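Everything below concerns the one structure shown next.
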Amino acid sequence: MTTRANPEIRVLWIVPERTGGIRTYAEGLLNVLRTTKSAAVDAIWELPDRGLLPPSEGGRKFAHLHHEFGFFGSKLPGRYAFPRWIRAIKAKNPETTWIATAHNVIGQDYVFPLEGKPWWSILPRVLANAFLISWLRKAWTTGTWGEFDGVVVHSNLQVDAVRKSGCDRVAVIPLFVPRAPMRPDGESGTNVTVFGYFSPDKGQDIVIRAWALLGSNAPKLVLAGGVRRPEDERYLKECRTLIRTHGLGEKIQITGYVPDDKLDSLYRDARLVLAPFRVTTGSASITAAFARGVPVLASDHPLNCELAERVPDCVAFFRSESPESLAAEIRSLFADSNRLRHLAERAKKYAEMHTPEKMAALHLDFYKTFENPR
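Taking my numbering, the leading residue of the sequence shown gets 1267, the next gets one more, and so forth.
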């Protein structure tokens, strides 16, 4: 609990995740927010028991929920329990101002994607798109963001979807770049590394196919991650089969789950970090590479491209879902050490502009806007 006397702002952060990227992100900001005299920020790491918020000395104005669809079942038909939960907890805490951090925003035109998905999931997706999608979109949009007084998003590209859902107070606060050992100028590893759990959205299969195209000249590839969900076991097996089919066992290593104390060594050994995502809501693996001054090559997904709009040349890009484009960019980058060095310098610039302290200050500024009548 905080001990600040008479703070201007009192906030409870609700982060229903025991371990994972969202918890790490929330704790990083929380540690900074607790150093300010103008705010008292407490946190709980589960949903409140029986819908009652824990008491706070001096009262509390804000409840700030870190929202991800998986925290409330999932976005799948019949499993998303959030709309019912938020209505019940608001009824029990009527004086509270409710804020969300949207760790995933689904637009009003969303349909379940079919391309790149395993064959056994195609028919359920087709049926959901034909008969359920309108009802589901309502739960994902107005039934979610429309219940909040304010919403924090990580990207300008997400603002419109939240406002159309019924919440007009939206703050764009990018993911912060964590504090980490910065690689000295001129120092470089030798591997190419992909961080993240195995799933079709992460795109590890795209990278394996690109390595098949690179042939004997391919650098060592480290796929740093394991499986988070049982349904992704099939995808990991498919990736292993691809590696064997193309004879890449000597070129590609799959690490399995990587504990936090092993991350620094993996980044230190990386000459380049890949972010080959088909789908992304903003990746901590990219900001973690920025934190260490490691060059990044990413798919040209709009949220990835937005990073380079903030700091030009902080990321290199290949055409999303194209092994051919990825292989060509790998060849180009490894033939041009000056370009890799420039990417590393711009990554460090991005880190300087998006520190935890600067992003925490933007949260405080957002809270203060609710003190002023509109």
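Every residue, glycine too, gets a C-beta built ideally from N, C-alpha and C. This structure is a prediction, so every number in the text was calculated from the model and none was measured.
Neighbourhood of residue i by C-beta distance below 6 Å, restricted to the same chain and skipping five residues each side
| i | result |
| --- | --- |
| T1635 | none |
| R1640 | Confidence at R1640 is low in this model, with a pLDDT of 49, below 50, so the placement of that residue is unreliable and no value is reported for it. |
| H1253 | Residue 1253 cannot be examined here, being either before or after the span of the chain that is shown, 1267 to 1640. |
| S1551 | F1461, G1462 |
| G1416 | I1365, R1435 |
| G1469 | P1542, F1543, R1544 |
| G1559 | M1448, R1449, A1610, A1613, K1614 |
| L1313 | P1282 |
| A1437 | V1418, F1632 |
| V1581 | V1562, A1564, L1573, A1574 |
| A1478 | H1512 |
| R1537 | S1454, G1455, T1456 |
| T1408 | S1431, G1432 |
| G1339 | R1345, Y1346, A1347 |
| P1349 | A1405, G1409 |
Same chain only: Cβ atoms within 7 Å of residue i, ignoring 5 sequence neighbours per side
| i | result |
| --- | --- |
| G1548 | H1420, S1421, L1441, L1569 |
| K1358 | G1317, L1318 |
| R1605 | L1599 |
| I1472 | P1542, E1587, P1589, L1592 |
| A1555 | Y1533, V1539, V1562, A1613 |
| T1363 | K1327, F1328, D1415, F1636 |
| T1302 | L1630 |
Residue i (DSSP reduced to helix, strand or coil)
| i | result |
| --- | --- |
| F1583 | strand |
| D1451 | coil |
| N1457 | strand |
| T1621 | coil |
| L1487 | strand |
| A1446 | coil |
| A1306 | strand |
| I1439 | coil |
| L1318 | coil |
| L1630 | helix |
| L1538 | strand |
| D1527 | helix |
| R1495 | coil |
| G1336 | helix |
| R1345 | coil |
| E1637 | coil |
| L1514 | coil |
| Y1463 | coil |
| L1313 | coil |
| E1611 | helix |
| T1269 | Below a pLDDT of 50, predicted positions are generally treated as unreliable, and T1269, at 45, falls in that range; the measurement from the model is reported next regardless. It is coil, neither helix nor strand. |
| S1431 | coil |
Beta-carbon contacts of residue i that lie in its chain and below 8 Å, excluding the five residues immediately before and after
| i | result |
| --- | --- |
| M1619 | R1576, V1577 |
| L1380 | I1388, R1391, V1392 |
| P1343 | A1394, L1398, L1402 |
| W1311 | V1281, P1282, E1283, R1284, R1289 |
| C1505 | F1464, Q1470, D1471, I1474, L1489, I1520 |
Enclosing beta strand (DSSP E) for residue i [first to last residue]
| i | result |
| --- | --- |
| H1330 | 1328-1333 |
| I1520 | 1518-1520 |
| L1563 | 1562-1565 |
| L1278 | 1275-1280 |
Residue span of the alpha helix (DSSP H) that contains residue i, given as start and end
| i | result |
| --- | --- |
| L1296 | 1287-1299 |
| R1558 | 1550-1558 |
| V1473 | 1470-1480 |
| K1503 | 1499-1511 |
| R1284 | It is not in any alpha helix (DSSP H) - R1284 carries neither H nor E in the DSSP assignment. |
| F1543 | No alpha helix (DSSP H) holds F1543; DSSP gives it neither H nor E. |
| S1598 | 1589-1600 |
| R1576 | 1568-1576 |
Whole-angstrom C-beta distance between residue j and residue i, which should lie under 8 Å
| i | j | result |
| --- | --- | --- |
| R1449 | R1534 | 7 Å |
| Q1424 | R1403 | About 15 Å separates the two Cβ atoms, so there is no contact after all. |
| F1722 | D1602 | Residue 1722 cannot be examined here, being either before or after the span of the chain that is shown, 1267 to 1640. |
| W1401 | S1431 | About 15 Å; that fails the 8 Å criterion. |
| K1486 | T1456 | 7 Å |
| Y1346 | F1335 | 6 Å |
| G1481 | V1524 | Not quite, the Cβ-Cβ distance comes to about 28 Å (not below 8 Å), so this is no contact. |
Could you give the uninterrupted runs of the beta strand (DSSP E) lying entirely in the region 1348-1429, keeping only those of 3 residues or more?
DSSP assignment within the region 1348-1429 yields the following whole beta strand (DSSP E) runs of 3 residues or more, N-terminal first: 1363-1368, 1416-1419.
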